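If you're matching them up, the sequences are chains A and B in order.
Position 81, counted from 1, in the first sequence is what the numbering used here calls 81; the numbers after and before it change by one each time, with no gaps.
To get the numbering used here, take the position in the second sequence, counting from 1, and add 264.
Below is one structure, written out as structure tokens, with a few remarks after it.
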Amino acid sequence: MAHLPVPPRSFLLRLTAAALAAAMVCPLGLAAQKQRVPDIWGVWMGLGGVTDADPRFRNTPYPLEPGFTEWGAAESRRLASATTPGECNPWGPVGVMGATGLFPIQILQGPNVIVIHHEAITQPRRIYMDGRRHPSADELLPTFNGHSIARWDGDTLVVDTIGTNGRTRPLNGYVSGSVLSGVDTAPRLPASEQLHVSERIRLVGAGGYLEDVITVEDLKTYRQPWTVKHYWQRRPDIDMQEYACEDNRRPDAEGQQTTVTAPR
Amino acid sequence: MKLLSPIGLIFVVVATQPALAHHSFANFDLGRETMLVGTIKEVQFTNPHVWVQVMVPDGKGSQTEWSIEAGAPGMLLRTGWKPNTLKTGDAVTVVIHPAKNGDANGSLIRVTLPDGRTLGPGGPPAALKPGG
Numbered sequence: 001m002a003h004l005p006v007p008p009r010s011f012l013l014r015l016t017a018a019a020l021a022a023a024m025v026c027p028l029g030l031a032a033q034k035q036r037v038p039d040i041w042g043v044w045m046g047l048g049g050v051t052d053a054d055p056r057f058r059n060t061p062y063p064l065e066p067g068f069t070e071w072g073a074a075e076s077r078r079l080a081s082a083t084t085p086g087e088c089n090p091w092g093p094v095g096v097m098g099a100t101g102l103f104p105i106q107i108l109q110g111p112n113v114i115v116i117h118h119e120a121i122t123q124p125r126r127i128y129m130d131g132r133r134h135p136s137a138d139e140l141l142p143t144f145n146g147h148s149i150a151r152w153d154g155d156t157l158v159v160d161t162i163g164t165n166g167r168t169r170p171l172n173g174y175v176s177g178s179v180l181s182g183v184d185t186a187p188r189l190p191a192s193e194q195l196h197v198s199e200r201i202r203l204v205g206a207g208g209y210l211e212d213v214i215t216v217e218d219l220k221t222y223r224q225p226w227t228v229k230h231y232w233q234r235r236p237d238i239d240m241q242e243y244a245c246e247d248n249r250r251p252d253a254e255g256q257q258t259t260v261t262a263p264r
Numbered sequence: 265m266k267l268l269s270p271i272g273l274i275f276v277v278v279a280t281q282p283a284l285a286h287h288s289f290a291n292f293d294l295g296r297e298t299m300l301v302g303t304i305k306e307v308q309f310t311n312p313h314v315w316v317q318v319m320v321p322d323g324k325g326s327q328t329e330w331s332i333e334a335g336a337p338g339m340l341l342r343t344g345w346k347p348n349t350l351k352t353g354d355a356v357t358v359v360i361h362p363a364k365n366g367d368a369n370g371s372l373i374r375v376t377l378p379d380g381r382t383l384g385p386g387g388p389p390a391a392l393k394p395g396g
């Protein structure tokens with residue numbers, strides 16, 4: 001029986017060294033480019049409330065009548081009367097992608113993972129691109145941002161998120177009458193642990209803008225899915241700022257107590 | 265020393281949009297505006313929100329310290345503010361949404377600086393123009 005020839009050991013060592021060297025000189029960004037996927041790396045500012053933004057790239061409003069279930073309606077009323085519980089907690093996948101002009105996001109793009117930082121939120125979104133699936137139900141740990149996986153479908157990043165804990169602020173933010181809700185009477189849009197978020201993210205406007213079509217499915221809260229479309233502008237002129245949420249809380253002067261504490 | 269205007273003028277206006285997303289602003293009366301004329305005691309250029317402490321004369325020889333809440337530092341830096349824009353002792357005119365409970369607190373609508381410039385509470389910056 002013939003044996004396959006065994007390469008000399010020195011050849012194998014040289015091959016291994018060459019592979020290691022190639023890996024070391026190939027940063028994540030370059031690897032992404034080699035796969036010819038769109039370059040979404042960088043700082044992006046949401047266009048909600050930006051009055052002079054290009055009218056082609058306007059966020060669609062959140063639904064005013066989202067088709068609440070009984071539980072969803074009650075939870076919406078509860079959140080409307082709450083005084084911002086857990087205001088320093090992460091905002092969840094929909095809140096991160098809220099695309100207001102208040103805070104920028106920063107996208108760090110590698111071939112196997114995309115990390116999205118939101119200026120006002122300490123926990124980043126980690127979107128896995130390595131082909132993994134969501135954990136099974138008995139291994140899935142509910143978290144604020146949930147578990148996100150994605151793949152490129154042509155020029156569109158298709159993101160799927162489950163595993164949220166249902167404890168974030170409303171999906172459309174707290175502030176009645178803000179750039180998030182549009183009008184004072186807008187209902188707070190809660191989410192439960194059954195939240196399933198599907199996103200289709202792509203570059204538009206010759207690469208100067210990012211579009212995210214966000215579909216929210218949460219049958220505990222809403223009778224049917226609803227979709228919003230959000231836009232950001234690429235902002236190489238903006239640096240992300242530090243946001244230490246617990247630093248100088250002033251519940252005294254926010255009206256929840258009657259005395260003013262001495263400034264630190 | 266010249267006395268500053270002793271009273272805060274209060275009038276009802278159409279509510280303006282608060283650009284402050286960190287927490288509920290339900291404790292401020294977004295349907296009312298109060299004008300304060302006073303001097304800066306301290307600026308807390310901190311997260312999660314910037315606070316401006318303003319001493320306002322009451323016309324009877326004493327002063328009230330007002331706590332005025334603005335947006336996050338990042339928002340202010342993107343809309344014309346610098347960390348040292350306001351300094352202790354600066355004479356300012358401040359327009360706020362006052363606290364519903366009558367305390368000397370409010371959310372900033374705009375502040376007029378000693379040099380006449382007017383700045384807001386932080387919010388969306390202007391869009392980046394082509395070539396900008």
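Note that beta-carbon positions come from the ideal geometry of N, C-alpha and C, so glycine has one too.
None of the values given here were measured: they were computed from a predicted structure.
Residue-level contact to chain B via CB, residue i, 7 Å cutoff
i	result
residue 243 of chain A	yes
residue 49 of chain A	yes
residue 247 of chain A	yes
residue 52 of chain A	yes
residue 182 of chain A	Model confidence at residue 182 of chain A stands at a pLDDT of 41, short of 50, so the residue's coordinates are unreliable; what they give is reported in the following sentence. So no, residue 182 of chain A is outside the interface.
Residue i at chain A interface by Cβ criterion, 7 Å
i	result
residue 299 of chain B	no
residue 312 of chain B	yes
residue 321 of chain B	no
Proximal chain B residues relative to residue i, where beta-carbon distance stays under 8 Å
i	result
residue 89 of chain A	Residues of chain B passing the Cβ test: none, with the nearest at roughly 12 Å.
Residue i versus the options, residue with shortest Cα-Cα distance
i	options	result
residue 198 of chain A	A/161, A/208, A/221	A/161
residue 230 of chain A	A/94, A/224, A/123	A/94
residue 353 of chain B	B/391, B/316, B/311, B/369	B/316
residue 216 of chain A	A/251, A/234, A/250, A/172	A/172
residue 98 of chain A	A/108, A/68, A/44, A/148	A/44
residue 191 of chain A	A/106, A/238, A/77, A/131	A/77
residue 298 of chain B	B/375, B/391, B/389	B/375
residue 380 of chain B	B/326, B/358, B/307	B/358
residue 369 of chain B	B/378, B/320, B/356, B/392	B/320
residue 75 of chain A	A/168, A/90, A/235, A/115	A/168
residue 38 of chain A	A/142, A/47, A/208, A/149	A/208
residue 224 of chain A	A/59, A/194, A/53, A/61	A/194
residue 252 of chain A	B/366, B/296, B/347	B/366
residue 348 of chain B	B/309, B/362, B/342	B/309
residue 341 of chain B	A/248, A/243, A/247, A/249	A/243
residue 108 of chain A	A/89, A/156, A/50, A/128	A/128
residue 80 of chain A	A/187, A/233, A/237	A/187
Per DSSP, cross-strand counterpart(s) of residue i
i	result
residue 373 of chain B	BP columns for residue 373 of chain B are empty, so no partner.
residue 160 of chain A	A/149, A/198
residue 331 of chain B	B/317, B/369
residue 45 of chain A	A/104, A/233
residue 249 of chain A	In DSSP, residue 249 of chain A forms no bridge with anything.
Cross-chain neighbours of residue i in chain B, by beta carbon under 7 Å
i	result
residue 119 of chain A	338
residue 103 of chain A	338
Buried versus exposed, by CB contacts within 10 Å (16 or more), residue i
i	result
residue 101 of chain A	buried
residue 70 of chain A	exposed
residue 119 of chain A	buried
residue 112 of chain A	exposed
residue 227 of chain A	exposed
residue 126 of chain A	exposed
residue 333 of chain B	buried
residue 64 of chain A	exposed
residue 338 of chain B	buried
residue 189 of chain A	buried
residue 137 of chain A	exposed
residue 372 of chain B	buried
residue 132 of chain A	exposed
residue 115 of chain A	exposed
residue 264 of chain A	At residue 264 of chain A, the pLDDT of 26 sits below 50, so the modelled position is not reliable; the number obtained from the coordinates is stated separately. It counts as exposed.
residue 212 of chain A	buried
residue 155 of chain A	exposed
Proximal chain B residues relative to residue i, where beta-carbon distance stays under 9 Å
i	result
residue 123 of chain A	By Cβ distance, chain B contributes nothing, its closest Cβ being about 15 Å from residue 123 of chain A, past 9 Å.
residue 233 of chain A	391, 392
residue 45 of chain A	342, 388, 389, 391, 392
Beta-carbon neighbours of residue i, restricted to chain A and to distances below 9 Å
i	result
residue 326 of chain B	None at all; the shortest Cβ gap to chain A is about 16 Å.
residue 315 of chain B	248, 250, 253, 263
Chain-ordered chain A contacts of residue i [CB-CB under 7 Å]
i	result
residue 341 of chain B	241
Test: residue i CB closer than 7 Å to a CB of chain D
i	result
residue 372 of chain B	Of the protein chains in this structure, namely A and B, none is chain D.
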